[in-house]
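Engineer: A single structure is presented below for examination.
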Amino acid sequence: MIEIGSFIKLQRTKQDMTLGDLADGIVSVSYLSKIENLKTQASPEIIQLLCNRLGIQVDNSEEQAIKEKCKEWYSMLFKVNDKEKIIATYKEIQEMMDTNLSENLLMFEIHKIRYYLILNQYDKALKKINELSEISDNFDNLQDFYWNKFRGNYYSLANVDYHQAMFYYKKSEEKIMHIDIGEDEAADLKYIIAVTHSELRNTLESIDYANQALAVFMKQYNFHRCAQCHIVLGISYRRIKMYEKAIKNYNLAKHLAELNNNKQVNQQTTYNLGNLYSTIGESEEAIKYYSEVVEDNEVHLHEKLIAITSLIKEYYKIGNIDKTREMINEAKALLDSVKNSVYYQLYYYIIYTYTYKLNGEDDRFKSLVKDKFIPYLRKNKDYGNLVAYSNMLANHFESIGRYKESVKYYKLANETYEKLINL
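Those letters in the sequence shown? Residues 1 to 423, per the UniProt record's numbering, in order.
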């Protein structure tokens, strides 16, 4: 059962009431503070008066209905199928929670972090994290598992800080042996950790966790989740130059996605096959796969822009200037649509780096890449792009006879590459 003090504090802050507003005429402010922080146990009469002022019923007559509805909603958040249904069910539960003292309240509040992230309402997710931080010391092991998992989700999606995300995912993982959760829930966390290791370029760890998750999803014949694991494995094997294994995993992912009619996973696999062929210098094959993503009318805007910017790089690499310009124009037409995305700045820098390069606008090219793009890549620890664009700037300086600056950026590219392969 939720501690009554934590419940009162949660409801009071949600209603924007001060300690004085709630305590007035019932208890002193200092005594209410002790109740909320579990430093004292108030009498049932005082609890009743405080709950009356908050508009809350102390009885648990609707507890079973709340429990079942919460369970249904948590499952929706896990699978992320129908957002309209997720929103409608949330509102239904919130109405019940607003008038009942329920033992499901804390878990419901914790799952709101996941809810806001699914809806891309990152500010609300952060506000909820800050609100729950005040009472998180009172969470039990199961609540702690989700609390840390969803905080990791926030840092993966909203803040794009994979080191911080990993910190919370590992704290969540520590709780698994102390709680009773389904194999699929534990495997989902293993998969998320695999993805985060992949983002951090911890390739062997990524393979290990992806295989752990895959073993569970295979037992459950969950084709969608198996395909996701095979994509992570494909990326990892590409990075350690085990290209045959990478292709095998991508083809497995593609086959499973087609069996499950999963467009998104199919697109991700196609894009990653493009990356693989680009890495091994087969530009025509890479262009074929990137183009397949771009030409798919159902592809998400973010995936389309990633594929278009990849085509810009690939066409430029093989000297097809007309197609490079065509892709730049396509990317520019979509750029304003992603202004609120955390990746907007990256897209902008890539598009205008090639625009200035192709137009012979040397000063603007140098200013953008040297003063803005490279510092941005360093700050975000985007080592792959840092190698590519440091080399590009070094080549530019070499071509105009500025050898001292050229050496500086070749050195940066080499040092970054060393860091990349030693991660």
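Note that beta-carbon positions come from the ideal geometry of N, C-alpha and C, so glycine has one too.
This one's a predicted model, so the numbers in the text were calculated from it and none came from an experiment.
Within 10 angstroms of its Cβ, does Leu204 collect 16 or more other Cβ (buried), or is it exposed?
Structural biologist: It is exposed - the Cβ of Leu204 has fewer than 16 other Cβ atoms within 10 Å.
Engineer: Give the secondary structure of Asn100 by DSSP, where H, G and I count as helix, E and B as strand, and everything else as coil.
Structural biologist: Note: Asn100 maps to strand in three-state DSSP.
Engineer: Span of the alpha helix (DSSP H) holding Gln64?
Structural biologist: Segment Glu63 to Lys79, the alpha helix (DSSP H) holding Gln64.
Engineer: Among Glu298, Arg201, Ile280 and Gly274, whose alpha-carbon lies nearest the alpha-carbon of Ile287?
Structural biologist: It is Gly274.
Engineer: Report yes or no: do three or more beta-carbon pairs, one from the segment 119-126 and one from the segment 103-111, lie closer than 8 Å?
Structural biologist: No, because fewer than three Cβ pairs between the segment 119-126 and the segment 103-111 fall closer than 8 Å, the two stretches do not touch.
Engineer: Label Thr309 either buried or exposed according to how many other C-beta atoms from any shown protein chain fall within 10 Å of its C-beta, with 16 as the threshold for buried.
Structural biologist: Thr309 should be labelled buried.
Engineer: Between Glu258 and chain C, is there a C-beta pair that is closer than 7 Å?
Structural biologist: Although the question refers to chain C, the structure presented lacks it and comprises just one protein chain.
Engineer: Using a Cβ-Cβ cut-off of 7 Å (strictly less than) and excluding sequence neighbours within five positions of residue 478, which residues of its own chain qualify?
Structural biologist: Since the displayed the chain opens at 1 and closes at 423, residue 478 lies outside it and no answer follows.
Engineer: Along the chain, where does the alpha helix (DSSP H) containing Gly360 start, and where does it finish?
Structural biologist: Premise fails: Gly360 is in no alpha helix (DSSP H) and is neither H nor E.
Engineer: In terms of residues, what are the limits of the alpha helix (DSSP H) holding Arg151?
Structural biologist: Start and end: Asn141 to Leu157.
Engineer: Going by C-alpha to C-alpha distance, which of Ile176, Glu134 and Gln121 sits closest to Asn153?
Structural biologist: The option with the nearest alpha carbon to Asn153 is Gln121.
Engineer: Along the chain, which unbroken stretches of the alpha helix (DSSP H) at least 4 residues long are found entirely within the segment 210-296?
Structural biologist: Runs of the alpha helix (DSSP H) inside the segment 210-296: 223-239, 243-259, 263-279 and 283-294.
Engineer: Going by the beta-carbon positions, is the gap between Ser406 and Glu415 smaller than 7 Å?
Structural biologist: No.
Engineer: Which runs of the alpha helix (DSSP H) fall wholly inside the segment 84-134 and span at least 4 residues, in chain order?
Structural biologist: Here the runs fully enclosed are 105-118 and 122-133.
Engineer: State buried or exposed for Asn395, treating a residue as buried only when at least 16 other CB atoms are found within 10 Å of its CB.
Structural biologist: Exposed is the call here.
Engineer: Just list the residues that DSSP pairs Gln41 with in beta bridges.
Structural biologist: Answer is none; Gln41 lacks a bridge partner.
Engineer: Alpha carbons only, please: which of Glu131, Leu119, Glu185 and Asp382 is nearest the one belonging to Ile78?
Structural biologist: Residue 78 is actually Phe in this sequence, not Ile. When only C-alpha atoms are compared, the closest one is Glu185.
Engineer: Just the C-alpha distance for Asn141 and Lys171, rounded to the nearest angstrom, thanks.
Structural biologist: Asn141 and Lys171: Cα-Cα distance of roughly 11 Å.
Engineer: Report all residues from its chain with a CB closer than 8 Å to the CB of Leu22; omit the five preceding and five following residues, and keep chain order.
Structural biologist: Closer than 8 Å at the Cβ level, and outside the excluded window around Leu22, lie Ile8, Arg12, Leu32, Leu50, Arg53 and Leu54.
Engineer: Helix, strand or coil: how does DSSP classify Gln345 here?
Structural biologist: Correct three-state label for Gln345: helix.
Engineer: Taking the DSSP output, what are the residues bridged to Gln57?
Structural biologist: According to DSSP, Gln57 bridges with Asn100.
Engineer: The alpha helix (DSSP H) spanning Asp82 covers which residue range?
Structural biologist: Run containing Asp82: none; DSSP gives neither H nor E here.
Engineer: Run the CB neighbour count on Met177, radius 10 Å, all protein chains shown included, and call it buried at 16 or more, exposed below.
Structural biologist: Classification of Met177: exposed, given that the 10 Å Cβ count is below 16.
Engineer: Can you list, in chain order, the residues of its chain whose CB lies under 6 Å from that of Glu100, leaving out five sequence neighbours each side?
Structural biologist: Looking at the sequence itself, residue 100 is Asn, so the reference to Glu does not match. Within the same chain, Asn100 has close Cβ partners Gln57 and Glu62.
Engineer: Just the C-alpha distance for Trp147 and Ala65, rounded to the nearest angstrom, thanks.
Structural biologist: Their backbone Cα atoms lie some 24 Å apart in a straight line.
Engineer: Contact check, Cys229 vs Tyr191 under 8 Å by CB: the rounded distance?
Structural biologist: Yes, Cys229 and Tyr191 are in contact; Cβ-Cβ is about 6 Å, under 8 Å.
Engineer: Just how far apart, CA to CA, sit Met1 and Ile47?
Structural biologist: Any reading at Met1 must be qualified, since the residue scores a pLDDT of 46, below 50, and its modelled position is unreliable; the value itself is stated next. Looking at the two C-alpha atoms, the distance is approximately 15 Å.
Engineer: Excluding the 5 residues flanking Ala227 on each side, which residues of the same chain have their C-beta closer than 6 Å to its C-beta?
Structural biologist: Counting only Cβ-Cβ distances below 6 Å, and skipping sequence neighbours, we find Ala253, Leu256, Ala257 and Val265.
Engineer: Looking at the structure shown, is Met1 part of a helix, part of a strand, or coil, going by DSSP?
Structural biologist: Residue placement at Met1 is poorly supported in this model, since its pLDDT is 46, which falls under 50; the coordinates still yield a value, given next. Coil at Met1, not helix or strand.
Engineer: For the alpha helix (DSSP H) containing Leu393, list its first residue and its last residue.
Structural biologist: Leu393 -> alpha helix (DSSP H) spans Tyr383 to Ser399.
Engineer: Considering only their Cβ atoms, is the gap separating Val293 from Thr270 smaller than 7 Å?
Structural biologist: Yes. Within cutoff.
Engineer: For Lys34, which residues in the same chain have their Cβ closer than 7 Å to its Cβ, ignoring the five residues on either side in sequence?
Structural biologist: Around Lys34: Thr40.
Engineer: By how many angstroms is the C-alpha of Gln164 removed from the C-alpha of Tyr409?
Structural biologist: C-alpha separation (whole angstroms): 30 Å.
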